[in-house]
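Numbering (the numbering used here), first residue to last: 31 to 808.
To start, the structure under review is shown below, and the notes come after it.
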DNA sequence: CAGTGAGCGAGCTTCCGCTTGACTT
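The following block contains the structure:
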C-alpha cells in the first residue's frame, strides 16, 4: 500500500496517472459525484437557510466505504477531481464524507494527462476552494427547486409523470417554436437568372462558361423582360479579377462539435457518438470525450507537428492554439484528440474506426497550414442592359489542411460547386447558348436535428458536455419531442428558357422539404411549453441560465453567499408557483373546435391521460362525454372540426362472424378488429373506415394461422407451460411470464422437466428489478 | 406488449451534472 492516495473522477484516468506517479502513489476513482441531494422529496430545508439534505446514493455506498478505508490508511490524500465547479464540489464532498482532515489532504488540479502536468500539479497543491463549491451548491439547489416545484404542477394541470427543468424545458421550447415558425412561414418567389456561354479553350475546342446575374427579379414579368433584352445583345468580358484567399482549419473537437460532425459525416445519433467515444477513451485511444475545451497540450501539438512533417512535409505545418468561443465553458479538460498522433487508424469495429479517424483528421488538420485558393471573378457586360453577369471559379493553389479534413455544414442545398474556368481574356465576346430564369423560393427554417439542437443549447450556454446526450433522450422519453422523417412536398416552379432567340415558358415540378431524423414537437410538448411560457416565462427564457450563471460567478468569487443568491431567485419564483396553483383552471391546453352538427354538443381537443383526445359533450351528472384518440399525424393545434368528427366514426360494427359481432376500433397501437374478445391489428394499407366484413375475417383467420405456427411444443402434464417462437427465437411461456432458453439447450428437445428447471432458475435470479435505467415504461 | 379517457383516493412520478456498469427481453 502506497503512502499516498490520489482520487480522480474517472477510472480510466486513474489507470493512466498511476503509471506517471510511481509506486508511492495509489490512484483511485470516485466515479463522479459521491454524494447528492436526497433522491426523494425536494430535500432542501427552506426553514434553515436552504440547507441541502445530502445523502450517499445506494449504488455509491460500497465505493465510499472502500475509499474511506484507503484514505484512513494513507499518509496523504490528494483530491485530484477536475478543475471546474463540479470537480471542486466532488473534492469537497469527498473531504466531508471520508472525514478527511486539512493536514493530510491536498487539492491538486491538471488540465491534461501528461507526466509534466501531473508532476507539476503535485508540486503546487492548494486548498479546496469553498467559494467555488458554494457556487456548485447554488447551481444544484436551484436546479432541484425548479425541477421539483414545476414538475408537480404539470402533473396536476396536464398529465402525470411529466417533467420540467432549467435545461430540458428550454430544449423543448426551441423545438416547439421552430415548428411554429415553420407553419407560419410564407415562402416568397424570386427569379434567378443563369446563363451558359460558349467560348473556345486554348486548343480551339468549344467549352461552356456558367454565369449568374447577381440581381434577382421579383416578378416573372421582369425576368421575362430581361430575357427579351438579352435576345439581341452582345456579351463581352469587361473584367477578370483574380484574388487569392485562404481557408483555415476548424478547431479540435469538443463534445458538442464532435456530436455535430459525427451526425453529419457518419450519421450517428448523439447518444451513439458518446457510446463509441467512451469506448475509444477506455481503450486509451483518445482523450476525455466530455469537454468544452478546444485546447491541446504542448505534447499533443508537438507530436502532431512531427506527424504532419512525416506524412506531408514541413510546408504543411502550422501549429495553432485555439480559444474557446462558447458561453460558460469551464475547460477542465483538453479538446478531444487521439492519444497518439502517429496512429492514423485503429483496430475495432466499424463505428469505432470511423469515429477515431474523424477525431484524428480533425486534430491533425487543426495544426496544418491554411489552404490557399485563387478566386477568379469574370464580369460579363450586356450591350442592351445595365446588368452584368458574373462567372466565378476557384483554383486550389495549395491544399494545406484540406489534404486530410474538410468540415461539413448543415446547409440543406449545397449546390455551390466551385469549378475551374476556361481561359478567358478581357474584351472577348461570348455567345450565349442559353439563358434561364428559374423561379426560386425563400426557404423556411429547418427543423432541428439532435446535433443542431445541441449546438443551439451550447450557444445559449445551456447544459454541459455530460448532459447533452441525456437531455436529448429525456425530452424524447417524456414524449415532448419525436425524432422522425417527413416526406417532401411537390411544388411547381416556373422556368423561362432563352435559346436560339426564342423564349419558352414551362412549369416544372420539384420535391422540397424532405427531412430525415429531425425533431418534431408533440402535442404534449406544445401544451407544456405554452403553459410554462404563460406562467413561468422567466424560467424558460433563453437567457435564464446565462443570468443565473452570472450570479453563480459572483458566488464563486466569494462576494456573495450562495444562500443569498438562491433567496433572490426563490422569492419571486415561488410566488409564481403559488399563483399558478391557485389559478382554478384544472386542465390546460384545451381547444374548442365547435359544435357537433347532429347533437349540437361542443367538441373539443385536449391532452388526456394517454395523449391527445377529442371529446364530444361535457361531463355532467346525466351522461359521460364521448372520447376518441387523435391520430398520430394530427395535432391539437391544427385539427379541424371535420377531422375530429371523422374520429368518432369508430368504433363501428361491420357484421357477424361465427355468430359473434365483428367491430372495428382504434386503440393505443392503432386500428384493430375485435371479435369474440380477441384483437386483430389492421395493417396500414387498409383504411379502418372502409374495411369490409370479408377483409376483417381474412385478418382473423390469418392471425389464427400465425398463432398456430407460433406454438412449438405443449406439454400434456401442464397446459400453462408452452414453448413458443418469438421475435428473438424460441422461449418458454408460463401464464404471463416469459423465460429465455439457455444457449446450451436446443428448444425442440426440451422436456417438461427441463422447462420447469429453467423457470425455477430464472425466477430466482429475476428478483432484482429488470427495468432498464433511463428508459421508462411505454 | 394491449385495446384506456367519469370520479374517488392511495401512492407514484420530477431536476442537472459528475461518473461507469449490467443488461438485452
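For every residue, glycine included, the Cβ atom is placed at its ideal position computed from N, Cα and C.
Note that this is a predicted model, so its numbers are computed, not measured.
The segment 303 to 321 and the segment 366 to 384 touch, with three or more beta-carbon pairs separated by less than 8 Å. In this structure, 303 is the residue among 350, 303 and 330 with its C-alpha nearest to the C-alpha of residue 384. In this structure, residue 730 and residue 696 do not form a Cβ contact; the two beta carbons are roughly 17 Å apart against a cut-off of 8 Å. Fully enclosed alpha helix (DSSP H) runs of no fewer than 4 residues occupy 88 to 103 and 115 to 127 of the segment 86 to 151, in order along the chain. Looking from the CA of residue 238, the closest CA among 44, 449, 87 and 114 belongs to 449. Annotation: residue 659 to residue 144 spans about 60 Å, alpha carbon to alpha carbon. The way I'd put it, the segment 556 to 573 doesn't touch the segment 499 to 506; fewer than three beta-carbon pairs between them come closer than 8 Å. Secondary structure at residue 770: strand, using DSSP grouped into helix, strand and coil. One alpha carbon belongs to residue 569, the other to residue 167, and they sit about 19 Å apart. Straight through space, the alpha carbons of residue 457 and residue 260 are spaced by roughly 18 Å. According to the DSSP secondary-structure assignment, residue 274 is paired through a beta bridge with 404.
According to the DSSP assignment, residue 600 belongs to the alpha helix (DSSP H) that extends over 592 to 612. With 16 or more other CB atoms across the displayed protein chains lying within 10 angstroms of its CB, residue 114 is buried. Ranked by Cα distance from residue 405, the options 733, 240, 271 and 642 are led by 271. The C-beta distance from residue 282 to residue 393 rounds to 5 Å, short enough to fall under 8 Å.
When the beta-carbon positions are compared, residue 772 and residue 788 come within less than 8 Å of each other. Here DSSP, grouped into helix, strand and coil, assigns residue 340 to helix. In the same chain as residue 434, and ignoring 5 residues on each side of it, the C-beta atoms closer than 6 Å to its own belong to 391, 394 and 395, in chain order. 148 is the residue among 102, 228, 148 and 685 whose C-alpha sits nearest the C-alpha of residue 38.
Separation of the CB atoms of residue 134 and residue 105 is rounded to 7 Å, and the pair is thereby assigned contact status at 8 Å.
Excluding residues up to 5 positions away in sequence, 286 and 290 lie with their Cβ nearer than 7 Å to the Cβ of residue 485 in the same chain. Rounded to whole angstroms, the gap between the alpha carbons of residue 725 and residue 664 is 26 Å. Short of 6 Å from the beta carbon of residue 785, and not among the five residues preceding or following it, lie these beta carbons of its own chain, in chain order: 751 and 762. Restricting attention to 81, 335, 48 and 257, the CA atom closest to the CA of residue 528 is found in 257. DSSP, reduced to helix, strand and coil, places residue 660 outside both helices and strands of the structure shown, so it counts as coil. Contact between residue 74 and residue 183 is absent: CB atoms are separated by about 17 Å, not below the 8 Å threshold. In the three-state reduction of the DSSP assignment, residue 320 falls in the coil class. Inside the segment 448 to 512, DSSP marks whole beta strand (DSSP E) runs of 3 or more residues at positions 459 to 471, from first to last along the chain. Cβ neighbours of residue 350 within its own chain (closer than 7 Å, five residues either side excluded): 396 and 397.
The beta carbon of residue 198 sits closer than 7 Å to the beta carbons of 501, 504 and 505 from its chain, once the five residues preceding and following it are set aside; these are given in chain order. Collapsing the DSSP output to three states places residue 730 in a helix.
Rounded to the nearest angstrom, the Cβ distance from residue 548 to residue 589 is 45 Å, too far for a contact under 8 Å. Residues of the same chain with a CB within less than 6 Å of the CB of residue 136, apart from the 5 flanking positions on each side, are 108 and 155 in chain order. In the three-state reduction of the DSSP assignment, residue 699 falls in the coil class. The C-beta distance from residue 718 to residue 680 rounds to 6 Å, short enough to fall under 8 Å. When the Cα atoms are used, residue 225 and residue 531 turn out to be separated by approximately 14 Å.
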